[in-house]
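A short write-up of the structure that comes next.
Numbering (our numbering), first residue to last: 10 to 314.
Shown next as structure tokens:
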């Protein structure tokens, strides 16, 4: 058993039947929380459903002496998301933290991206994060406490090829999290993001056609979901009561804090700007500070520690 930092807490984890979500749910239960295991049990691309993955995690937690229940609703449906909160309250009397982890993947180059693949990924990642968070918000406000942990990705924070829908959704989640943190600060509610590096069904879909991409995949395989879980569990607890609006990243035994977008340079011209002076004066001044076009592997180029 863990140190019971989450004793008495009730935590809902979406996409908890497999991979990162499962590891988070097990860690939270080990720390004493009652856990709602939400997982539709669909394919990586979001089709179908299976009650098995969620039920198996519940069995694993209860066999170890913990408390858990399964919910197989789709977070992309507002009513389904609300049922997760309802189930938590009915079974355990309250809800203390939400971990928005559920996701699907429909990768493809932007110039080939279909409208349906674009919308499906946004509906689950961004829509699901909003629907579940919105369902829990009134209860958090009423009790004067609560924690949201949203899974983002370096695909959005930095970039990756062939993931425009996924990257857009994950970057939008950062903005949503920050807004939740600002809007609900006065109620004692916090909201943070975690970008995980871990080998899972989601990362299996990353294109690996070049040698560099293949090497990145091999690095990912060494990063297991259980490495992500401790930070998420900690963010759900009272010890993190003064941490909100942050973006963390976990890469095996490394934990990073990301900076939010902020101005890096400015140029003033008292006469104002014209297209000509932008080209002749502004851009030469700003050019040394322009960020290069990179993918996640360019920034995290060393082997995971």
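We put the CB at the ideal spot given by N, CA and C, even for glycine.
Item: Could you check which residue in 158, 23, 172 has the C-alpha nearest to that of residue 182?; Value: 158
Item: For my contact list, residue 113 and residue 165 are in at a C-beta cut-off of 8 Å; report their separation, rounded to the angstrom.; Value: The Cβ separation is near 15 Å, so there is no contact.
Item: Could you pull the DSSP bridge partners for residue 200 from this structure?; Value: 157
Item: Report the residue ranges of all alpha helix (DSSP H) runs contained in full by the segment 53-93; include only those spanning at least 4 residues, in chain order.; Value: 61-72
Item: What separation, rounded to the nearest whole angstrom, lies between the Cα atoms of residue 230 and residue 59?; Value: 26 Å
Item: Three Cβ pairs or more, each shorter than 8 Å: is that satisfied between the segment 192-206 and the segment 248-258?; Value: yes
Item: Return the residue from the list 103, 30, 86, 236 that minimises the CA-CA distance to residue 43.; Value: 103
Item: Figure out for me which residue from 314, 275, 307 has the closest Cα to the Cα of residue 296.; Value: 275
Item: From residue 68 to residue 75, what does the alpha carbon distance come to, in whole angstroms?; Value: 9 Å
Item: Taking 8 Å as the CB-CB cut-off, is residue 119 touching chain B?; Value: Here chain B cannot be found, since the structure has a single protein chain.
Item: Please state whether DSSP places residue 110 in a helix, a strand or coil.; Value: coil
Item: Using the C-alpha atoms, what's the distance from residue 65 back to residue 298?; Value: 51 Å
Item: Which of helix, strand or coil does DSSP assign to residue 284?; Value: helix
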